[in-house]
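Working notes, structure below.
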Amino acid sequence: MTAFWTEADYDDHELVQLVRDAKSGLTAIIALHSTHLGPGAGGTRFWHYAEPADAMRDALRLSRGMSYKNAMAGLPMGGGKAVILAGANKTKTPEMLAAFADAVEALGGKYVTAEDVGISEADMAAVAQRTQYVSGLPVEGEDAAGGDPGPFTALGIFLGIKAAVKHKLGKDSVEGVHVAIQGTGSVGGGVARLLARDGAKLTVSDIHMDRAEALATEIGADTAAPDAIMSVTCDVFSPNALGAILDDAGIARLDCKVVAGGANNQLQRPEHGPMLAKRGILYAPDYVINAGGIISVTLEYLCRNDKAPCDINEVRKRIALIPGRLEQIWQESDSTGESPDQVADRMAQALIGR
Ligand code: NAD
Numbered sequence: 007m008t009a010f011w012t013e014a015d016y017d018d019h020e021l022v023q024l025v026r027d028a029k030s031g032l033t034a035i036i037a038l039h040s041t042h043l044g045p046g047a048g049g050t051r052f053w054h055y056a057e058p059a060d061a062m063r064d065a066l067r068l069s070r071g072m073s074y075k076n077a078m079a080g081l082p083m084g085g086g087k088a089v090i091l092a093g094a095n096k097t098k099t100p101e102m103l104a105a106f107a108d109a110v111e112a113l114g115g116k117y118v119t120a121e122d123v124g125i126s127e128a129d130m131a132a133v134a135q136r137t138q139y140v141s142g143l144p145v146e147g148e149d150a151a152g153g154d155p156g157p158f159t160a161l162g163i164f165l166g167i168k169a170a171v172k173h174k175l176g177k178d179s180v181e182g183v184h185v186a187i188q189g190t191g192s193v194g195g196g197v198a199r200l201l202a203r204d205g206a207k208l209t210v211s212d213i214h215m216d217r218a219e220a221l222a223t224e225i226g227a228d229t230a231a232p233d234a235i236m237s238v239t240c241d242v243f244s245p246n247a248l249g250a251i252l253d254d255a256g257i258a259r260l261d262c263k264v265v266a267g268g269a270n271n272q273l274q275r276p277e278h279g280p281m282l283a284k285r286g287i288l289y290a291p292d293y294v295i296n297a298g299g300i301i302s303v304t305l306e307y308l309c310r311n312d313k314a315p316c317d318i319n320e321v322r323k324r325i326a327l328i329p330g331r332l333e334q335i336w337q338e339s340d341s342t343g344e345s346p347d348q349v350a351d352r353m354a355q356a357l358i359g360r
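Take 7 as the starting number for the sequence shown in the working numbering and just add one per residue.
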């Protein structure tokens, strides 16, 4: 049997825990990549995996991603992630969530969980009944940090796109700048509305074209079919739907000067960052530009524990630092010849002491 820590995705994770509860039928993996900067923070994914090894791979990769994201967002949190292995019928019971919550509690605050794919706010509220180590809970009042992270993620991406336009095109405004947006959900829709307000020319697309068309009508944008959006001739391509879209074929299709959007894990493999750079396309590393949501969710958690102000202005202040961080990455990339993703990874690794 091969030791799993020789797997390509194992990156000296501090702890990888298998959680089994025969009574409820729970099988879960909690992976803590790094607690160098603080408790490992990252959501719980509820997903049916074809093979258990796929679940392990997801937990390992996603928890490392959270270490990098939290570090680059300047948050006092490390990186962690949990996956609950759903059965083929995806049954999720209160007993399973309770057993999962007990496992999080037993880690004594080393891991702080939140929602991810397949886990709702109501599920997290149930988990919070049995453990205090939860973020992403509903908050009361418009001025409180927390709540739906989507709009905060969108705000960070909007500011990041403006920074990219300044860096690559030398323009101080997005007025007349053509942005093609893939995905018009919580994040993509928010980005589109903010850009429209500043006079950008927009083309939007979604696999649910009715959603894209409704948004286009609302903000005065054009639409493109889902299989055409990546090859639209534009200034900025903004992926806000799926991961791994920047593969050999995807990069070859691009007709833009900048890629800047919120989707997680946009580069299919590490070599795709340099490939984008070689084509002269400026890339905004995903985990740097899409940190607005995690900033909000984390400040909500820290505020509940009296470790940060509970003020939405604090969230906005920290999101406003995203463009500067991107600019630092691009400048270093320009001077070293490394691609922006390589520079960002190196910066994140230094921050977490690797
Ligand atoms: P969402 O579910 O609200 O929206 C996603 C949209 O993408 C949907 O409208 C969906 O129909 C569309 N879509 C799916 N596949 C598509 C395709 N092939 N082509 C075009 N459109 C497609 O999700 P969201 O919260 O807006 O998140 C979007 C992306 O941003 C995801 O990758 C997510 O992991 C990432 N992200 C989100 C947040 C957040 O705060 N919500 C934070 C960080 C990263």
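Virtual Cβ for every residue (Gly too), placed ideally from N, Cα, C.
Any non-hydrogen atom of ligand 1 closer than 7 angstroms to residue i Cβ
| i | result |
| --- | --- |
| I325 | no |
| A247 | yes |
| Q355 | no |
| N319 | no |
| N270 | yes |
| S40 | no |
| D347 | no |
| Q188 | yes |
| V197 | no |
| S69 | no |
| T159 | yes |
| V193 | yes |
| D212 | yes |
| R217 | yes |
| N296 | yes |
| P45 | no |
Simplified DSSP assignment, three categories, for residue i
| i | result |
| --- | --- |
| S345 | coil |
| S244 | strand |
| A356 | helix |
| Y55 | coil |
| V294 | helix |
| S211 | strand |
| P335 | One point to set straight first is that residue 335 is Ile, not Pro, in the sequence displayed. Here I335 sits in helix by DSSP. |
| A47 | strand |
| D317 | strand |
| L66 | helix |
| L327 | coil |
Boundaries of the beta strand (DSSP E) in which residue i is found, first to last residue
| i | result |
| --- | --- |
| A202 | Per DSSP, A202 belongs to no beta strand (DSSP E); it is in the alpha helix (DSSP H), 192-203. |
| H39 | 32-40 |
| I300 | It is not in any beta strand (DSSP E) - I300 instead sits in the alpha helix (DSSP H) that spans 298-310. |
| L24 | 21-27 |
Contacting residues, own chain, Cβ-Cβ under 8 angstroms from residue i (five flanking each side not counted)
| i | result |
| --- | --- |
| A131 | L143, P144 |
| K154 | In the sequence on display, residue 154 carries Asp and not Lys. Same-chain partners within the cutoff: S192. |
Nonlocal neighbours in the same chain, by C-beta distance under 7 angstroms from residue i, ignoring five residues either side
| i | result |
| --- | --- |
| T190 | A198, V210, D212, R217, A218, L221 |
| Y293 | G71, Y74, K75, M78 |
Own chain, CB closer than 6 angstroms to residue i, minus 5 neighbours either side, in chain order
| i | result |
| --- | --- |
| I328 | G162, L165, G166 |
| H184 | K207, C240, D241 |
| Q23 | I36 |
Entirely within the stretch 69-151 and at least 3 residues each: give me those beta strand (DSSP E) ranges in chain order. Entirely contained in the stretch 69-151, the beta strand (DSSP E) runs reaching 3 residues are, in chain order, 84-91.
Where are the beta strand (DSSP E) runs, 3 residues long or more, that stay fully inside the stretch 216-277, in chain order? As far as the stretch 216-277 is concerned, its whole beta strand (DSSP E) runs of at least 3 residues are 242-245.
Which runs of the alpha helix (DSSP H) fall wholly inside the stretch 153-186 and span at least 4 residues, in chain order? Listed in chain order, the alpha helix (DSSP H) runs fully inside the stretch 153-186 are 156-175, counting runs of at least 4 residues.
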